[in-house]
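To keep things clear, I will list the structure first and then write my remarks on it.
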Amino acid sequence: MQDAKLASTRHPSRWFLLALLGTYIFYSLGPIFWLIISSLKSRADLFAMPPKWIFGIDMTGYESVFGVGAARGTASAYGVTDSLINSAIVSSSGTFLAVLLGTLAGYVCSRFDFRGKGDFLFFVLSTRMLPPVAVLVFYHLMFARLGLADTKTGLIIVAIFANVGLATWIMKGFFDGVPKQVEQIAIVNGYSRMYAFVYLVLPMVRGGIAATAGFCFIFAWNEFAFASILTTTQAKTLPVKVSAASGATGIEWTQIMSGGVVLIIPVLIFFYLIRKHLLMGMTFGILGRN
248 MQDAKLASTR HPSRWFLLAL LGTYIFYSLG PIFWLIISSL KSRADLFAMP
298 PKWIFGIDMT GYESVFGVGA ARGTASAYGV TDSLINSAIV SSSGTFLAVL
348 LGTLAGYVCS RFDFRGKGDF LFFVLSTRML PPVAVLVFYH LMFARLGLAD
398 TKTGLIIVAI FANVGLATWI MKGFFDGVPK QVEQIAIVNG YSRMYAFVYL
448 VLPMVRGGIA ATAGFCFIFA WNEFAFASIL TTTQAKTLPV KVSAASGATG
498 IEWTQIMSGG VVLIIPVLIF FYLIRKHLLM GMTFGILGRN
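Oh and the sequence shown: position 276 is 523 in my numbering, straight run, nothing missing.
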């Protein structure tokens, strides 16, 4: 009887938690669900009031986005293949180099004390505090002088500068969770510090590297302000290309919705590939302090 009474008292709280979780999932995934179904609607169904939940699937938006099918060679075809490749190159290269530099800088700041260490950490973090509009003109003039305007190399440099500070701080936190005795024992046994760093410390923070890469990739992939100003034709990225979708009737919302679906797919693939290390990276800072 007492167990049944306890179960009955816990039952409402369980339903409340399930309802709260369902609300959160709906709030988080609702826009993505709406984006997907909107990309499969025709222009008439997209603006129908009240909204249509049962409709005929129309792939016109995707045909226009990739410039294939009935949209091939027409004014509505604006093609995103080149922009998709540009975004993949810029995001992956910028993420790799930012995480590489951030990992090295985070390890140095975690293990060594040097003059100006606090100022250095504040400086690299302050790069995230600047709004892009404050430095856009400077970057535009500098890249124009250096011949980096409308190039993927220029955008990769921007991605590195934008993310290396974040990567440094995140990786420093992970390295702080690794005991210094790991390197000390290796050095006592005749190994170099570089050997201890590469073969002992790095495997212990691979989850942190994956988490850092995830954050940096998201910021690099979604970057819009610099890409819209520093590129015109050759190096235009996918967010800029999707935002420019327009036709004879104005803004082509079906194309924008389809382009939005294409925009989120690479991010989902990237996080799927690092999923094994991501949870460990998210919990390492908490577990390492216990």
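Beta carbons are placed, not taken as given, at the ideal position from N, Cα and C, and that holds for glycine.
Give every residue of the same chain whose Cβ lies closer than 8 Å to the Cβ of residue i, excluding the five residues on either side of it in the sequence, and list them in chain order.
i, result
"L293", "S285, W500, T501, M504"
"T342", "A406, N410, A460, C463, F464, A467"
Between residue i and the rest of its own chain, which residues show a CB-CB distance below 6 Å, the 5 nearest in sequence each way excluded?
i, result
"V452", "F421"
"T374", "G412"
"T350", "M418"
"W262", "none"
In terms of residues, what are the limits of the alpha helix (DSSP H) holding residue i?
i, result
"N436", "Element bounds for N436: n/a, residue is neither H nor E."
"S311", "307-313"
"Y446", "Element bounds for Y446: n/a, residue is neither H nor E."
"K288", "Counting along the chain, K288 falls outside any alpha helix (DSSP H), and DSSP gives it neither H nor E."
"L383", "379-393"
"T328", "328-358"
"T484", "Taken as a continuous stretch (DSSP letters only), T484 belongs to no alpha helix (DSSP H), as it is neither H nor E."
"P513", "500-520"
So, under 8 Å CB-CB, residue i and residue j are touching, yes? Tell me the CB distance rounded to an integer number of Å.
i, j, result
"F390", "L477", "6 Å"
"T415", "A457", "The Cβ separation is near 16 Å, so there is no contact."
"S275", "W468", "Not quite, the Cβ-Cβ distance comes to about 19 Å (not below 8 Å), so this is no contact."
"V384", "V509", "Contact flag wrong, Cβ pair sits at about 31 Å."
"D397", "T484", "D397 to T484, Cβ: 11 Å. No contact."
To the nearest angstrom, report how far apart residue i and residue j are at their CA atoms.
i, j, result
"K419", "N410", "14 Å"
"P513", "L402", "18 Å"
"K427", "L348", "21 Å"
"A491", "I498", "8 Å"
"G277", "C463", "25 Å"
"K523", "E430", "26 Å"
"L471", "I304", "According to the sequence as given, residue 471 is Phe; it is not Leu. Approximately 30 Å between the Cα atoms of the pair."
"I332", "K399", "10 Å"
"L267", "G437", "56 Å"
"I336", "V435", "43 Å"
"I590", "L344", "One cannot answer for residue 590 here, as it falls past the ends of the chain, which runs 248 to 537."
"Y442", "L449", "10 Å"
"Q249", "L265", "Because the pLDDT of Q249 is 49, which lies under 50, any placement of that residue in the model is unreliable, and the number read from its coordinates should be weighed accordingly. Cα to Cα, Q249 sits roughly 25 Å from L265."
"G507", "V487", "11 Å"
"W300", "Y519", "30 Å"
By Cβ distance below 7 Å, which residues in the same chain neighbour residue i in space, the five residues on each side in sequence not counted?
i, result
"L287", "I304, D305"
Does the segment 379-396 touch the segment 302-317, meaning 3 or more C-beta pairs lie closer than 8 Å? Segments in contact, no.
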